[in-house]
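Chains as they are written, first to last, in the working numbering: chain A, 152 to 439; chain B, 550 to 830. Even glycine gets a Cβ: it sits at the ideal position worked out from N, Cα and C. Since the structure is predicted, the reported quantities are computational estimates derived from the model, not experimental observations. A short worksheet on the structure shown next.
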Amino acid sequence: MKWIKKYYLIYIFLCGTFSISHAENSQIIKKADSLFSIGDFQSAAIEYERFLYYSDTKQSNYNCLYKKAQCYKLLADFTKACRTLERINLFRENTDNYIEIKRELSLCYYLDNKLPKALMQITQLRHKTKSLPQETQLVEIFVLNEMKKWKNAQNKAKLYAKQYVSEENDRLISIKKIDSLYSKKNLPKLKSINKAENLSRFIPGAGQIYCGKITEGSFTFLFNGAFLALGIQQIFTKFYFTGYTAGFGVLHKTYTGNMARTKHLVSKVNLVRHTSFNESIIKYMLSL
Amino acid sequence: MKKIFILSLFCILSLNLLAQYSTKQRFDFIHHLIKSNDFKEALIELNYLDGKTNSDSLYYLKGWSLYSLKQLTNSANNFKRVSKKSTFYHKSHFFAAYNYAHTQNYEDAKKVLSDIQLNSNLQQLKSFESSGIALLERDYELFESTRIKSELILPALQTEVINLDKLYTSLKNRKPKKMWLAGLMSAIIPGSGKMYAGKTGEGIASLLMVGSMGLVTWENHRKLGIKNFKTILFGSIFTIFYVGNIYGSVFSVKISNEEFNHEMDQKILFNIHIPLRNIFN
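Given below as structure tokens:
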């Protein structure tokens, strides 16, 4: 009788411990979800990680890692969001989950400015499903735009419009609008660094004019011209040292400085034009 | 009656367990976060435990997370609090000393090192770290007295001891360059002060610049006279270049000395850091 009692107590305690640990885990997930809902994403991410640490169920791991990645995404820590999503074992997940993970991964990689990786996720997703999720299609267009693959981006954008604009008239209008956005006239006219440098090499200031900075280019031309003239004039009046130093010496400095300035200007102009073009596309595509 | 008592005790215990995680569980989780390089998250968890426990693990893990996040002063302050009973005692105190040394708080670094209670195996490491700090302070006498002279050097220290000796030789053999001498040299031959500071290219460029401006002024003075506008203009420019070059030479010596010292400090810190990672990791 004494032994029976002992076994009975041990059984109760083991059952109790098991049920407690189970209840604890469900409490963590509730806590994490409530922290997420009140916007404390950092603490929520920790709670999700705690749940993952103590749990061993496969299905919940997906949910938890997905939510943890959402926390980091909302904290704008896209690198950590990608790292968290990469932890999900895709082989164990069903097709729906697979699509969801790849959709998020492509978006996070795009936001993290890792364009080839974002494109790779989309390619992998395409192997799994015939039609990409709506959001991923947009990400693909934006990634292609960033990578300056205009033609490809235009085709994808038109396909997107055909798929998601329901009204026949609206669809035609949006396709026309996309064509006009990607028309040769509208595409960002990116400047060639080599061309700008060569122009500045032969005519100082021409590189700036090529980049659209007419006033700056004109002043540069005048400055360089003035020092060249000063050098020549001084040598003709037999002021050899003055001509060489004050004329050609200063000309050398302004000339080489002008070349470096042209290079910097081309990069700056290209960036502004590229960004403004991409922004116009993003704005329009999101309005569809 | 007895059964009721046991059951109620069990219920109270269960409720208590439900309410919170044990400290050990939290530490396990923090270890996991640190292993996954989530130091920021580990620190949040550790801050939660602050005041709730005075465990050595708390200070050690805090110190390690802060060290990994490059917050070296805070890290050292936490490492220092790890008590002798802890298995992490030696690692924590050696890293505290290193962190203080890295933040140029040499007094605290030396104090932490001298307070460490050691077994014979780590005595060499202590001497090595002390000699490194002495070298950072440029205290050559202390370096000589603390440096490892024995031929039986721990394998983890052998390369670094040789490196530290080499650094000591280059520091001792280098005569610091004098600012006034650089200024004087540049006043006599423009640019020579910069060459003396070790910036030969800059020196030649200055010589050409000041020299050519001098020649222009001389040419205008010879042909147009001292009162002519061009002579005054080029003469003024030459004076500005000449004085500016002297000033620049004085500062280039200062910069050169600072660059040399900074480079040496980085090399010393690197060499005293490597054995810590090798021995304690």
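Suppose the cutoff is 6 Å on Cβ atoms and the five residues either side in sequence are ignored; what does the same chain contact list for residue i look like?
i, result
"TRP696(B)", "For clarity, residue 696(B) is Arg in the given sequence; the question names Trp instead. Once the five neighbours on either side are set aside, the close Cβ partners of ARG696(B) are SER680."
"GLU594(B)", "ILE579"
"LYS611(B)", "LEU595, ASN627"
"LEU437(A)", "none"
"PHE169(A)", "Reliability fails at PHE169(A), whose pLDDT of 48 lies under 50, so the model's placement of it is uncertain and the value that follows must be treated cautiously. If we look at PHE169(A) and ignore the five residues flanking it on each side, it has no Cβ neighbours."
"LYS183(A)", "Before going further, note that residue 183(A) is Ala rather than Lys in the sequence given. Cβ neighbours of ALA183(A) beyond the five flanking positions: ALA195, GLU198, TYR199."
"GLY750(B)", "none"
"GLN385(A)", "THR393, GLY394, GLY398"
"LEU564(B)", "With a pLDDT of 49 at LEU564(B), under the threshold of 50, the modelled position of this residue cannot be trusted; read the value that follows with caution. None."
"GLU630(B)", "A quick correction: the sequence has Arg, not Glu, at residue 630(B). So the list reads TYR608, once near-sequence residues are dropped."
"ILE171(A)", "Residue placement at ILE171(A) is poorly supported in this model, since its pLDDT is 49, which falls under 50; the coordinates are not used for a value here."
"ILE383(A)", "none"
"MET744(B)", "GLY752"
"SER257(A)", "ALA269, GLN272, ILE273, THR287, VAL290"
For residue i, which of the options has the nearest alpha-carbon?
i, options, result
"LEU203(A)", "GLN193(A), ILE365(A), LYS218(A)", "LYS218(A)"
"LYS419(A)", "ILE344(A), ILE329(A), ASN303(A), ILE432(A)", "ILE344(A)"
"LEU708(B)", "ALA683(B), LYS743(B), LEU674(B), VAL765(B)", "Correcting the residue identity first, residue 708(B) is Thr in this sequence and not Leu. Closest by alpha carbon: LEU674(B)."
"PHE390(A)", "LYS772(B), MET728(B), HIS639(B), TYR609(B)", "LYS772(B)"
"ALA196(A)", "ALA220(A), LEU373(A), SER188(A), GLU237(A)", "ALA220(A)"
"ILE273(A)", "LYS265(A), ASN264(A), THR287(A)", "THR287(A)"
"PHE378(A)", "ALA397(A), SER177(A), LEU439(A), LEU289(A)", "ALA397(A)"
"THR636(B)", "GLN653(B), GLN620(B), ASN654(B), LEU607(B)", "LEU607(B)"
"ILE326(A)", "GLU318(A), LYS313(A), GLN385(A), LYS224(A)", "LYS313(A)"
"PHE187(A)", "GLU200(A), GLN178(A), CYS222(A)", "CYS222(A)"
"HIS415(A)", "GLY190(A), ASP321(A), ALA347(A)", "ALA347(A)"
"GLY368(A)", "ILE383(A), ILE329(A), LEU350(A), LEU381(A)", "LEU350(A)"
"PRO739(B)", "VAL799(B), PRO725(B), TYR655(B), GLU700(B)", "VAL799(B)"
"ILE682(B)", "LYS724(B), ASN654(B), LEU730(B), ALA754(B)", "ASN654(B)"
"LEU225(A)", "ASP191(A), ARG254(A), SER257(A), THR246(A)", "ASP191(A)"
"GLY747(B)", "LYS698(B), SER632(B), GLU807(B)", "GLU807(B)"
"GLU237(A)", "GLY382(A), TYR260(A), ILE179(A), ALA308(A)", "TYR260(A)"
"ASN810(B)", "LEU756(B), PRO725(B), THR766(B)", "PRO725(B)"
"GLU700(B)", "GLU693(B), SER694(B), ILE711(B)", "ILE711(B)"
Which residues in the same chain have their Cβ closer than 7 Å to the Cβ of residue i, if we skip the five residues on either side of it in sequence?
i, result
"MET758(B)", "PHE790"
"THR371(A)", "PRO355, GLY356, GLN359, ASN409"
"GLY600(B)", "none"
"MET813(B)", "LEU716, LEU720"
"TYR616(B)", "SER624, PHE644, ASN648"
"TYR333(A)", "TRP301, GLN305"
"ASN769(B)", "ASN777, LYS779, THR780, PHE783"
"PHE588(B)", "SER614, SER617, LEU618"
"LEU825(B)", "PHE643, PHE644, TYR647"
"THR235(A)", "LEU216, LYS219, ALA220, TYR223"
Can you tell me which residues form a DSSP beta bridge with residue i?
i, result
"THR371(A)", "Bridge partners of THR371(A): none, in fact."
"THR235(A)", "Per DSSP, none; premise fails for THR235(A)."
"ASP599(B)", "THR602(B)"
Got a sec? Which residues, its chain only, sit under 8 Å from residue i by beta carbon, not counting five neighbours each side?
i, result
"LYS721(B)", "TYR689"
"ASN375(A)", "PRO355, GLY356, LEU402, THR405, TYR406, ASN409"
"THR572(B)", "LEU598, LYS601, THR602, SER604"
"ARG277(A)", "LEU283"
"SER206(A)", "ASN176, ASN212, CYS215"
"PHE829(B)", "HIS639, LYS640, PHE643, PHE644"
"LEU567(B)", "Unreliable placement is indicated for LEU567(B), whose pLDDT of 48 sits below 50; the coordinate value is still reported in the next sentence. Nothing meets the Cβ criterion."
"ASN429(A)", "PHE293, ASN296, GLU297"
"SER331(A)", "ASN337"
"LEU439(A)", "TYR311, ALA312, TYR315, VAL316, SER325"
"LEU266(A)", "TYR260, VAL294, GLU297, MET298"
May I ask you to check if the CB of residue i is nearer than 8 Å to at least one heavy atom of the ligand MN?
i, result
"ILE383(A)", "By its list of ligands, the structure shown contains no ligand whatsoever, and the ligand MN lies outside what it can speak to."
Exercise. Listed from N- to C-terminal order along the chain, which residues in the region 746–779 of chain B have their beta-carbon within a distance smaller than 8 Å of any beta-carbon of chain A?
Worked result: SER761, MET762, LEU764, VAL765, TRP767, GLU768, ASN769, LYS772, LYS779
For this session: Would you check if there are 3 or more beta carbon pairs closer than 8 Å linking the region 283–300 of chain A to the region 243–256 of chain A?
Result: yes
For this session: Select from the region 272–285 of chain A all residues with a C-beta closer than 9 Å to any C-beta belonging to chain B, and list them in chain order.
Result: none
Exercise. Taking three-plus beta-carbon pairs below 8 Å as touching, is the region 764–779 of chain B in contact with the region 704–713 of chain B?
Worked result: no
Exercise. Can you find at least 3 beta carbon pairs, one from the region 421–438 of chain A and one from the region 331–340 of chain A, that sit closer than 8 Å?
Worked result: yes
For this session: Below 8 Å between beta carbons is the criterion; list the residues of the region 390–421 of chain A that meet it against any residue of chain B, in chain order.
Result: PHE390, TYR391, PHE392, THR393, TYR395, THR396, ALA397, GLY400
Exercise. Do the region 796–804 of chain B and the region 659–679 of chain B make contact, defined as three or more Cβ pairs closer than 8 Å?
Worked result: no
For this session: Count the C-beta pairs between the region 759–768 of chain B and the region 815–825 of chain B that are closer than 8 Å, then say yes if the count reaches three, no if not.
Result: no
Exercise. Which residues, in chain order, does the region 590–612 of chain B contribute to contact with chain A at a C-beta distance below 8 Å?
Worked result: GLU590, ILE593, GLU594
For this session: Note down, in chain order, all residues in the region 183–202 of chain A with a beta-carbon under 9 Å from any beta-carbon belonging to chain B.
Result: GLN193, SER194, ALA196, ILE197, GLU200, ARG201
Exercise. Residues in the region 579–590 of chain B with C-beta within 9 Å of chain A's C-beta atoms, listed in sequence order?
Worked result: HIS581, LEU582, SER585, ASP587, LYS589, GLU590
For this session: Determine which residues of the region 214–234 of chain A have a Cβ less than 7 Å from any Cβ of chain B, and write them out in chain order.
Result: none
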